[in-house]
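Per the UniProt record's numbering, the sequence shown starts with residue 1, numbered consecutively.
To start, the structure itself, in structure tokens.
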Amino acid sequence: MRELEAILLVGGQGTRLRPLTIGTPKPLLPTAGVPFLAHQLARARSFGVRRVVFATSYRAEMFSDAFGDGSAFGLSLEYMTEDTPLGTGGAIRNAAEALTCGPDAPVLVLNGDILSGHDIGDQVARHVAREAALTLHLTEVEDPSRFGCVPTDETDRVTAFLEKTPNPVTNRINAGCYVFTRSVIDTIPQGEVVSVERETFPGLIEAGALVLGYPDASYWLDVGTPAAFVKGSCDLVLGRLPSPALPGPTGDLLALPGAVVSPEAKVSGGSAIGARAVVEAGAKVTGSVLGDDCVIESGATVADSVVGAGARVASGAVLRDAVIGDGAVVGPRNELVEGARVWPGVTLPECAIRFSGDV
Ligand code: GDD
Ligand code: MG
Numbered sequence: 001m002r003e004l005e006a007i008l009l010v011g012g013q014g015t016r017l018r019p020l021t022i023g024t025p026k027p028l029l030p031t032a033g034v035p036f037l038a039h040q041l042a043r044a045r046s047f048g049v050r051r052v053v054f055a056t057s058y059r060a061e062m063f064s065d066a067f068g069d070g071s072a073f074g075l076s077l078e079y080m081t082e083d084t085p086l087g088t089g090g091a092i093r094n095a096a097e098a099l100t101c102g103p104d105a106p107v108l109v110l111n112g113d114i115l116s117g118h119d120i121g122d123q124v125a126r127h128v129a130r131e132a133a134l135t136l137h138l139t140e141v142e143d144p145s146r147f148g149c150v151p152t153d154e155t156d157r158v159t160a161f162l163e164k165t166p167n168p169v170t171n172r173i174n175a176g177c178y179v180f181t182r183s184v185i186d187t188i189p190q191g192e193v194v195s196v197e198r199e200t201f202p203g204l205i206e207a208g209a210l211v212l213g214y215p216d217a218s219y220w221l222d223v224g225t226p227a228a229f230v231k232g233s234c235d236l237v238l239g240r241l242p243s244p245a246l247p248g249p250t251g252d253l254l255a256l257p258g259a260v261v262s263p264e265a266k267v268s269g270g271s272a273i274g275a276r277a278v279v280e281a282g283a284k285v286t287g288s289v290l291g292d293d294c295v296i297e298s299g300a301t302v303a304d305s306v307v308g309a310g311a312r313v314a315s316g317a318v319l320r321d322a323v324i325g326d327g328a329v330v331g332p333r334n335e336l337v338e339g340a341r342v343w344p345g346v347t348l349p350e351c352a353i354r355f356s357g358d359v
């Protein structure tokens with residue numbers, strides 16, 4: 001396949017993932033041992049993408065620090081930064097200034113928080129063959145009201161785009177991977193706040209442009225919530241979505257260099273153990289993401305949770321579906337469940353929070 005250019009949308013604040021995103025943008029959170037975007041970039045490369053323009057805003061400099069000129073990934077990377085966030089459409093228009101392709105070329109646009117197993121090459125080929133203005137990857141979810149709802153006709157032509165509607169007409173949603181014909185991007189007003197979901201897509205459909213759907217049933221996940229983020233990391237470690245960016249042998253767990261997991265600890269469910277992290281004897285870790293240099297003490301239980309870099313979970317503490325910020329300390333015998341979040345650097349004294357009442 002010919003070489004493709006892509007725009008990667010990474011300017012969002014990742015509010016739903018706080019406190020993890022206070023210091024690190026969502027697309028850079030360590031996921032199965034590497035920054036989340038490494039998985040997306042490696043997959044894009046495997047489908048022929050060679051040049052990627054990052055559309056950044058929030059903590060822009062951290063992206064170039066992490067990925068540089070891209071040569072380590074076999075890619076050429078450019079960075080375009082919005083002084084104030086321009087929305088998804090404004091960001092695409094701004095980033096397009098750094099594209100080198102001509103007006104008729106297909107351009108891939110990716111939301112920066114998606115894990116997807118779909119065949120990007122086939123999506124591009126379909127777009128080109130049908131001479132579409134825009135081709136949207138579509139997937140089916142149980143609750144379409146949290147996404148862009150996208151009805152199509154029998155020829156896969158998109159008939160409406162309904163962003164986060166309370167009354168979705170189909171379970172088929174916008175999966176956050178678009179192929180634009182370059183000249184269509186140039187019709188988005190420059191330097192203005194524009195939402196592709198609320199303005200550009202409905203506008204194109206109304207104007208009669210050919211907007212195609214690319215329906216697909218392969219692995220798909222938006223990692224925008226803590227529960228989804230943990231699931232994404234574990235799925236990658238478990239091999240449910242193959243990724244060329246995985247940093248080492250995987251299976252039930254992935255341990256980064258310098259991690260010390262006691263042979264008497266139980267670690268499973270695709271957990272990722274950060275560099276130099278320690279999991280002591282008798283600790284139990286399932287389906288979780290442990291940051292670099294954190295410590296899970298003997299007899300602690302960590303399930304479906306994220307433990308930030310340098311954090312400590314003391315003996316007898318139980319975490320279930322919890323997020324512990326960088327450097328926080330969960331004192332002995334605390335019980336944090338159901339979406340509990342501890343802010344970075346906070347220390348919870350022994351037994352400060354319990355749910356069972358049985359101390
Ligand atoms: N550069 C830049 N500037 N990027 C932005 C901005 C901005 O102002 N606003 C959002 N983004 C980026 C985010 O970083 C993310 O990668 C992407 O655009 C989508 O934003 P989200 O905040 O994650 O949106 P969402 O998940 O609620 O909804 C979007 O994704 C769904 C699929 O996961 C929409 O595109 C929905 O229609 C779609 O179904
Ligand atoms: Mg999202």
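Every residue, glycine too, gets a C-beta built ideally from N, C-alpha and C.
Which of the three DSSP states is assigned to Ile296 in this structure? One-based indexing of the sequence shown puts residue 296 at position 296. Of the three classes helix, strand and coil, the one that applies to Ile296 here is strand, per DSSP.
Take the Cβ of Gly258 as the centre, count every other Cβ of all protein chains shown within 10 Å, and call the residue buried at 16 or more, exposed below. Taking the first residue of the sequence shown as 1, we reach residue 258 at position 258. So Gly258 counts as exposed.
Secondary structure, beta strand (DSSP E): runs of 3+ residues fully inside the stretch 200 to 270: 211 to 215, 220 to 222, 253 to 255 and 266 to 268
Would you kindly report the start and end of the unbroken alpha helix (DSSP H) that includes Ala38? Position 38 of the sequence shown, counted from the first residue, corresponds to residue 38. Unbroken alpha helix (DSSP H) run through Ala38: Phe36 to Ser46.
Between the stretch 85 to 92 and the stretch 193 to 202, do three or more beta carbon pairs fall short of 8 Å? yes
Shorter than 8 Å, the distance from the beta carbon of Asp143 to the closest heavy atom of the ligand MG, or not? Against the sequence shown, residue 143 aligns to sequence position 143. No, the ligand MG has no heavy atom inside 8 Å of this Cβ.
Backbone CA spacing between Gly14 and Thr139 [nearest angstrom]: Residue 14 sits at position 14 when you count from the first residue of the sequence shown. Residue 139 sits at position 139 when you count from the first residue of the sequence shown. Cα to Cα, the separation comes out at about 22 Å.
What are the residues that DSSP puts in a beta bridge with Met80? Along the sequence shown, one-based indexing puts residue 80 at 80. BP columns for Met80 point to Ala55.
Name the residue from Val223, Glu154 and Pro166 whose alpha carbon lies nearest to the alpha carbon of Gly176. Position 176 of the sequence shown, counting from 1, holds the residue named residue 176. Checked all of Val223, Glu154 and Pro166; the closest Cα to Gly176 is Val223.
Whose C-beta lies closer than 8 Å to the C-beta of Ala265 among residues of the same chain, with five residues either side of it excluded? On the sequence shown, position 265 is the one that residue 265 refers to. Taken in chain order, the residues that qualify are Val279, Glu280, Ala281, Gly282, Ala283, Lys284, Val285 and Ile296.
Taking the C-alpha atoms as reference points, what is the distance between Leu134 and Ile205? Residue mapping note: residue 134 aligns to position 134 of the sequence shown, counting from 1. Residue mapping note: residue 205 aligns to position 205 of the sequence shown, counting from 1. Taking the straight line joining both Cα atoms gives about 10 Å.
Closer than 8 Å: is that where the CB of Gly148 sits relative to any heavy atom of the ligand MG? Taking the first residue of the sequence shown as position 1, residue 148 is located at position 148. No, since every heavy atom of the ligand MG falls outside the 8 Å radius drawn around the Cβ of Gly148.
Tell me, which residues are paired with Glu335 by DSSP? The residue labelled residue 335 in the question sits at position 335 within the sequence shown. According to DSSP, Glu335 bridges with Val318.
Taking all protein chains shown into account, decide if Asp153 is buried (16 or more other Cβ within 10 angstroms of its Cβ) or exposed. By 1-based counting over the sequence shown, the position of residue 153 is 153. Flag for Asp153 reads exposed.
Measure the beta-carbon distance from Val230 to Leu253 and round it to whole angstroms, keeping in mind my assumption that it falls under 8 Å. Stepping through the sequence shown from its first residue, residue 230 is reached at position 230. Stepping through the sequence shown from its first residue, residue 253 is reached at position 253. Going by Cβ atoms, the distance from Val230 to Leu253 rounds to 14 Å, so no, they are not a contact pair.
On the criterion of 16 or more Cβ atoms from any shown chain inside 10 Å, does Glu82 qualify as buried, or is it exposed? On the sequence shown, position 82 is the one that residue 82 refers to. Buried: at least 16 other Cβ atoms inside 10 Å.
Here's a check: name, in chain order, each residue in its chain whose Cβ is nearer than 8 Å to the Cβ of Glu142, leaving out the five neighbours to either side. The count along the sequence shown starts at 1 and reaches residue 142 at position 142. Once the five neighbours on either side are set aside, the close Cβ partners of Glu142 are Asn171.
Note the first and the last residue of the continuous beta strand (DSSP E) segment covering Gly327. For this step, residue 327 is matched to residue 327 along the sequence shown. Where Gly327 is concerned, there is no enclosing beta strand (DSSP E), given that its DSSP letter is neither H nor E.
Span of the alpha helix (DSSP H), counted from its first residue to its last, around Ile114: Against the sequence shown, residue 114 aligns to sequence position 114. No alpha helix (DSSP H) holds Ile114; the beta strand (DSSP E) holding it covers Ile114 to Ser116.
Could you check the C-alpha separation between Gly117 and Ile173 for me, to the nearest Å? On the sequence shown, residue 117 is found 117 positions in, with the first residue counted as 1. On the sequence shown, residue 173 is found 173 positions in, with the first residue counted as 1. Computed Cα separation, rounded: 16 Å.
Can you give the Cα-Cα distance for Pro19 and Gly339, rounded to whole angstroms? Indexing the sequence shown from 1 puts residue 19 at position 19. Indexing the sequence shown from 1 puts residue 339 at position 339. Spanning the two alpha carbons is a distance of roughly 12 Å.
What residues in its chain sit with their C-beta under 7 Å from that of Gly213, if we drop five residues either side in the sequence? Stepping through the sequence shown from its first residue, residue 213 is reached at position 213. Excluding residues within five positions, the ones whose Cβ falls inside 7 Å are Leu136, Leu138, Val150, Thr152, Asp156 and Val158.
Straight-line Cα distance separating Ala322 from Val359: For the purposes of this step, residue 359 is identified with residue 359 of the sequence shown, where counting begins at 1. For the purposes of this step, residue 322 is identified with residue 322 of the sequence shown, where counting begins at 1. Legend: pLDDT at Val359 = 49, less than 50; position of this residue unreliable, value from coordinates given subsequently. So the two alpha carbons sit approximately 20 Å from each other.
Helix, strand or coil for Lys26 per DSSP? The residue labelled residue 26 in the question sits at position 26 within the sequence shown. It is helical.
Thinking C-alpha only, which one of Ile353, Trp343 and Asp326 is nearest Pro332? As a working note, residue 332 is residue 332 in the sequence shown. Of the candidates Ile353, Trp343 and Asp326, the one whose C-alpha sits nearest the C-alpha of Pro332 is Ile353.
Following a CB-centred definition, is Ile114 positioned closer than 8 Å to any heavy atom of the ligand MG? As a first step, residue 114 must be located in the sequence shown, where it is residue number 114. Answer for Ile114: yes, Cβ within range of the ligand MG.
Along the chain, where does the alpha helix (DSSP H) containing Phe147 start, and where does it finish? The residue given as residue 147 occupies position 147 in the sequence shown. Element bounds for Phe147: n/a, residue is neither H nor E.
From Asp119 to Glu3, what distance separates their C-alpha atoms? The sequence position of residue 119 within the sequence shown is 119, counting from 1. The sequence position of residue 3 within the sequence shown is 3, counting from 1. When rounded, the distance between both Cα atoms is 16 Å.
Boundaries (first-last residue) of the beta strand (DSSP E) holding Phe180: Within the sequence shown, the letter at position 180 stands for residue 180. Residues Arg172 to Thr181.
Is Asp69 buried or exposed, if buried means 16 or more other CB atoms sit within 10 Å of its CB? Walking along the sequence shown from the start, residue 69 turns up at place 69. With fewer than 16 Cβ atoms within 10 Å of its Cβ, Asp69 is classed as exposed.
If we call anything under 9 Å between Cβ atoms a contact, is Glu5 one with Val52? The count along the sequence shown starts at 1 and reaches residue 5 at position 5. The count along the sequence shown starts at 1 and reaches residue 52 at position 52. It is a contact, given that the beta carbons lie within the stated cut-off.
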